[in-house]
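Reviewing the structure listed below.
6 protein chains.
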Amino acid sequence: MHLDPSPLQTFVSFVDDANAAGNFTFHFLSSAVFVNGKICKDPKMVTADDFFFSGLNRPGNTSNRLGSRVTPVTVNQLPGLNTLGISLVRVDFAPNGLNPPHTHPRATEVLVVVQGTLYVGFVTSNPANPNTNNKLFTKTLYPGDVFVFPEGLIHFQLNVGKTNVVAFAGLSSQNPGVITIANAVFGSDPPISTDVLTRAFQVDVNVVKYLQGQF
Amino acid sequence: MHLDPSPLQTFVSFVDDANAAGNFTFHFLSSAVFVNGKICKDPKMVTADDFFFSGLNRPGNTSNRLGSRVTPVTVNQLPGLNTLGISLVRVDFAPNGLNPPHTHPRATEVLVVVQGTLYVGFVTSNPANPNTNNKLFTKTLYPGDVFVFPEGLIHFQLNVGKTNVVAFAGLSSQNPGVITIANAVFGSDPPISTDVLTRAFQVDVNVVKYLQGQF
Amino acid sequence: MHLDPSPLQTFVSFVDDANAAGNFTFHFLSSAVFVNGKICKDPKMVTADDFFFSGLNRPGNTSNRLGSRVTPVTVNQLPGLNTLGISLVRVDFAPNGLNPPHTHPRATEVLVVVQGTLYVGFVTSNPANPNTNNKLFTKTLYPGDVFVFPEGLIHFQLNVGKTNVVAFAGLSSQNPGVITIANAVFGSDPPISTDVLTRAFQVDVNVVKYLQGQF
Amino acid sequence: MHLDPSPLQTFVSFVDDANAAGNFTFHFLSSAVFVNGKICKDPKMVTADDFFFSGLNRPGNTSNRLGSRVTPVTVNQLPGLNTLGISLVRVDFAPNGLNPPHTHPRATEVLVVVQGTLYVGFVTSNPANPNTNNKLFTKTLYPGDVFVFPEGLIHFQLNVGKTNVVAFAGLSSQNPGVITIANAVFGSDPPISTDVLTRAFQVDVNVVKYLQGQF
Amino acid sequence: MHLDPSPLQTFVSFVDDANAAGNFTFHFLSSAVFVNGKICKDPKMVTADDFFFSGLNRPGNTSNRLGSRVTPVTVNQLPGLNTLGISLVRVDFAPNGLNPPHTHPRATEVLVVVQGTLYVGFVTSNPANPNTNNKLFTKTLYPGDVFVFPEGLIHFQLNVGKTNVVAFAGLSSQNPGVITIANAVFGSDPPISTDVLTRAFQVDVNVVKYLQGQF
Amino acid sequence: MHLDPSPLQTFVSFVDDANAAGNFTFHFLSSAVFVNGKICKDPKMVTADDFFFSGLNRPGNTSNRLGSRVTPVTVNQLPGLNTLGISLVRVDFAPNGLNPPHTHPRATEVLVVVQGTLYVGFVTSNPANPNTNNKLFTKTLYPGDVFVFPEGLIHFQLNVGKTNVVAFAGLSSQNPGVITIANAVFGSDPPISTDVLTRAFQVDVNVVKYLQGQF
């Protein structure tokens, strides 16, 4: 799997308050320089709160076009995850709510449903034999069911029940990243050229423009 | 963090049925030879069920001395996790239920409480300065609270509420392993010599024998 | 980046001829058991040819719908790459030839153009700020130009010149994998449900069925 | 095993003298900001002494309660180890001297006895079958004997001869860390709650208080 | 293989212009402090040019003693390679041009010949059996031929044709490093003592001095 | 550093006795198939002896041309090191004994002198500036002195005292490998072509033939 760099000391939770970190950090955060990952905190200043995050009891707001919401707990929300190679998310779905086809470029996801009925699937990478297709694996999940979405593969989740769905998932990176296929392909800034998209999707320019118009 | 080896192909979920795997596997499983990790399945034979596990909706049985139960979903329960570097557990606690001090030699744990009130803590590794102590970090967690237990550190969880506690945790290995301190130190087979334990815990042999007697 | 497992000895090039490997391999290859990666060859039997591949001087056949062809030199074509964490490809483009939007779930790609004019681009993962878009980075490459496509990101290449394009690329895995977005999303077997795709792409079912019809 | 991040250049030995590193380092070291690992030195300023440490010929002072002393040569003592993933220790034991049960959260240890007779052991992680115990592996080592303590497992060493013991050990991290079980469990600051310890060790509060009193 | 540390965010291309990076970087670059790898750029400031390098169409200047020239495209020339674990080189050879025996301490190399005839080889590490020799593997490569030089092994390339040779190679590190054996052994600064070299090469001091005199 | 694959279970010590491993292993070892690393042993069959090696108290036989002897304790001698990423060696030197210039393609070495006086050095990889030389770092070590030889760099050790030298070293791989420069360059089987060596070392063919004649 993707490998996050590892800890070289017990504490590497980071500073995100310039004042707390003094003159240097002030210069640092006010500059155009960033590091891969995070600036570590003085071990002597670390407290239990650096390993703590609250709020996953509150349903995410699903009043949006897709009827779903991901609430992430990555190193960006929980400093204590720095260098530890794991993160957590809560996902909420209204009835018919969809987490649309997407990939995590840096992580595998293992999801558990705690409420509702969730239809999930992922598509494999291209087959060695060009005459066959990418394979779709799907499953309908009920409370207590667990499903794995292997690193880098396109996957989705759809609420196929009458009630809200609540799920939690662990991801194998402190900062997994997410690429929503439709937004990346048809909604990028600037847009991907219609020459590329018409050829790729084998449709005429109007269909592509129509698709781009949605984003 | 600990690093599990990585996938070199899309599917490496393993075979645990000799018959399904034919003559070779029969020889293999009937021999005294084991591989690091698992034997991979023929990609053409993989199905969605290789990435699926069910039953985390059922409370673990906490009718035991400690009043807690960990239900693991590692590569041993969910073949599709093979080489993906992550696993999941459900932890149940009766009132006063304890998950006693333990370490995961191969993983960091990130835990979310979904029900009840859980007092958690971990102890840091030895300080550089021998005149100071190992530091204890603790927190009382309520539903929706998340806490990180860094790789290899001793940690524990205690139900301090009046109701059952239900928690889920992600771990950064497909097979994190667990070492329960009391069992490993006072309950190993054969027992650790009393010469070692009396010196280590600075108590007389009767106290050590008494402690060993509990396991 | 993705991490392939590492060599534990100088030679781990693999056997792909059952007869060459004797009785065991016969049992092995005739069974439904596969290992993660490859079976290693007896070091004493390794020759220079295990580290050799020929034919990248021949243009790939671009007589296909997209007008492009990728000729891979991965561990599947070149056994000596086993455990070494790198592979190579040649990419040919007829005029207007397209290598459509795709990702490599296990590798970064660094490409050099040796002939022709190639328009390339990649799209970043989702922004932290949901009100902004995935960013597209593009460049028109001429002979001798080099471009990097970071691991896991969606990227494409289009011949925008009047002549054929020839390019070589290195990839940071012995078996990078490829996911062609259009085929994976609209051409999987079985197809992704229209409920998912209509919601994801915000188009009506006829547009989705039309798109699926192309694959 | 645990994986330390790797070198990206030949020299990454670090600076621990603010004056040597000028204005920036002064700001840096005077701030509350720390990095994971060490600040690298200007390659042009590196000398052979950055790869050198002396003093392992001198016996460690064993005039302490346990009659043993570990003299570490980690990245904290030897800057040149930065990013190289290995360290060394000398361990001295007076007759009956004990290196009490402990773990290294980030390293495997391989030890060689150069003088004396040393009884060593480690305990495995919990068995899959809850009705069995953690297994203890022990061996009595004489000069020239080598023993391996796998990453993250609880292990100990006891001088069972009439003379001093001298041993050297290699560890698979530049900063392995150490957790002495008794100190971490009964001597942390603040102490672990007696509710936790009485339940974990199945003894009454007086025994726990007595044990805590020793540390 | 050697493992470069991995990305923790989408962009970690670095800054090499103090002015572009403001006050902090000025302090930074003017100090004696260096980091392992590179300082990352503000993601908002990243452009396509950070992933772009040009000039590999121009033959390297082979007007030198060896008649060969390596033109590297590593993280030092192409910031966008930072943390991505791969790099690229062009190698030019005049007739009889030689890339003399060398190693890459941090990378495997996979080379493709695009023009000319190249005789290549590598030598294996020492055999387990001291009575046997290091093994040499050689091959004569023609346009389109690919050859692998495993990580850390001594290898060389010689133009054995009548025309110039042009080759490209991918390497499995963002900064592979190179050690030219003859220069390192006979041309170091200061020189390796003749006591060492006469014994190592089993020749008298005049031969060693003569060899050293060439560098 | 080089990264050995990691353990996925507590025990992966391997089997090297076909009879002990039954029918499968018989087929296996009698075939031309080898795995990367070792076949793991049934955890239930593992004993303390799998983690034990003896004999490093006996001086290595230095009655050879170089007057030195390396006694390795790698995974080949000590099965319990399998997947743990570390090994150990004892090195003996007669007066004037030399461990000639060599590299470890897969490991960093950290050495401690326990007896005698040892002159050690390593040479850096090629400088960025072609007009400067590879740098030599040397040190004379006395008992208790420790020195680091970074991964992949050419290094040597020479006894410059009147008595034997005894040293121990830890290496950051279970199977570090060694390449003795003189043997690999002038003593390979078959020999490297004199065309290559005369150009590389800038000497005439007679000098090269003379050097080759020594091996």
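Protein sequence lines correspond, in order, to chains A, B, C, D, E and F.
Mind the numbering: the first sequence is residues 0 to 214 in numbering that gives the first Met the number 0, read in order.
Mind the numbering: the second sequence is residues 0 to 214 in numbering that gives the first Met the number 0, read in order.
Mind the numbering: the third sequence is residues 0 to 214 in numbering that gives the first Met the number 0, read in order.
Mind the numbering: the fourth sequence is residues 0 to 214 in numbering that gives the first Met the number 0, read in order.
Mind the numbering: the fifth sequence is residues 0 to 214 in numbering that gives the first Met the number 0, read in order.
Mind the numbering: the sixth sequence is residues 0 to 214 in numbering that gives the first Met the number 0, read in order.
C-beta atoms are modelled at their ideal positions from N, C-alpha and C, and glycine is treated no differently.
A quick note: this is a predicted structure, and the numbers were derived from the prediction, not measured.
According to the neighbour-count rule (16 or more other Cβ atoms, all chains shown, within 10 Å of its Cβ), is G54/A buried or exposed?
-> exposed
If you check the beta carbons only, do Q211/D and N163/D fall under 8 Å apart?
-> no
Which residues of chain C have a Cβ atom closer than 8 Å to the Cβ of I191/A, listed in chain order?
-> Going along chain C in sequence order, the residues near I191/A (Cβ under 8 Å) are P100, G120, V122, L135 and F155.
Identify which residue in E150/D, L140/D and A181/D has its Cα closest to the Cα of V165/D.
-> L140/D
Note the first and the last residue of the continuous alpha helix (DSSP H) segment covering N205/A.
-> Its alpha helix (DSSP H) spans residues V204 to G212.
Mind checking if S187/C is an interface residue toward chain A, Cβ cutoff 8 Å exclusive?
-> yes
Any residues in the segment 56 to 83 of chain B with a beta carbon nearer than 8 Å to a beta carbon of chain A? Which ones, in chain order?
-> Cβ contacts with chain A come from N56, R57, V72, L77, G79, L80, T82 and L83.
Distance CB(F155/E)-CB(P100/E) smaller than 8 Å = yes
What's the call for F13/C, buried or exposed, on a 16-neighbour Cβ count within 10 Å?
-> Only weak support is given to the placement of F13/C: the predicted model assigns it a pLDDT of 49, under 50, and the value that follows is read from those uncertain coordinates. F13/C should be labelled buried.
Does the Cβ of R68/E lie closer than 7 Å to at least one heavy atom of the ligand FAD?
-> By its list of ligands, the structure shown contains no ligand whatsoever, and the ligand FAD lies outside what it can speak to.
Who pairs with N98/E in a beta bridge, going by DSSP?
-> Looking at the DSSP assignment, N98/E forms a beta bridge with Q156/E.
Contact between the segment 194 to 211 of chain B and the segment 125 to 142 of chain B: three or more CB pairs below 8 Å?
-> Counting Cβ pairs under 8 Å, fewer than three are found: no touch.
How many angstroms separate the CA atom of F216/E from the CA atom of A183/A?
-> For residue 216/E there is no data in the structure shown, the boundaries of chain E being 0 and 214.
Please confirm if N125/D has its CB atom under 8 Å from at least one CB of chain B.
-> yes
List the residues of chain E whose Cβ lies closer than 7 Å to the Cβ of T179/F, in chain order.
-> Residues of chain E passing the Cβ test: N125.
Interface partners of Q213/E on chain F, CB under 8 Å | Within chain F, the residues F200, Q201 and V202 have their CB atoms less than 8 Å from the CB of Q213/E, given in chain order.
Select from N60/C, V74/C and A93/C the residue whose C-alpha is nearest the C-alpha of N174/C.
-> V74/C
Going along the segment 158 to 174 of chain B in order, which residues come within less than 7 Å of chain A, judged by CB to CB distance?
-> F167, G169 and S171
Do we get a CB-CB distance below 8 Å when we pair L87/D with the residues of chain B?
-> no
Under the DSSP definition of a beta bridge, which residues are partnered with S86/D?
-> L170/D
State the CB to CB distance for the pair S62/E and L97/E, rounded to an integer number of angstroms; the pair is presumed to be in contact (CB under 8 Å).
-> Contact flag wrong, Cβ pair sits at about 14 Å.
How would you write the range of the beta strand (DSSP E) that F136/E sits in, first residue to last?
-> Run containing F136/E: L135 to L140, per the beta strand (DSSP E) assignment.
Please confirm whether L110/F and V145/F have their CB atoms less than 8 Å apart.
-> yes
Thinking just about the alpha-carbon of each residue, which of A47/A, L65/A, G84/A and F52/A is nearest to the one in E150/B?
-> G84/A
V90/C versus F167/C: straight-line alpha-carbon distance, rounded = About 6 Å.
For the beta strand (DSSP E) that R64/E lies in, which residues bound it at each end?
-> Looking at the DSSP string, R64/E is not in any beta strand (DSSP E), and its letter there is neither H nor E.
What number of angstroms, rounded off, separates the C-alpha of D92/B from the C-alpha of A106/B?
-> The question names Asp, yet the displayed sequence has Phe at residue 92/B. Rounded to the nearest angstrom, the two C-alpha atoms are 22 Å apart.
Residue-level contact to chain E via CB, G143/C, 8 Å cutoff = yes
Between the beta-carbon of S124/A and the beta-carbon of V112/C, is there less than 8 Å?
-> no
Which residue spans inside the segment 108 to 137 of chain D form an unbroken beta strand (DSSP E) run of at least 3?
-> 108 to 114 and 117 to 122
Which first and last residues belong to the alpha helix (DSSP H) in which F185/E is found?
-> I180 to F185
Residues near G169/A in its chain [Cβ-Cβ closer than 7 Å; skip 5 each side] | I85, L87 and V109
Which residues mark the beginning and the end of the beta strand (DSSP E) in which V145/B is found?
-> V145 to F148
Neighbourhood of K138/B by C-beta, 7 Å cutoff - its chain only, sequence neighbours within 5 removed = V119 and F146
For the segment 106 to 119 of chain E, which residues have a CB atom closer than 7 Å to at least one CB atom of chain C, in sequence order?
-> Hits within the stretch, in order: T107, V109, V111 and V113.
Beta-carbon neighbours of G176/C, restricted to chain A and to distances below 8 Å | S124, N125 and G151
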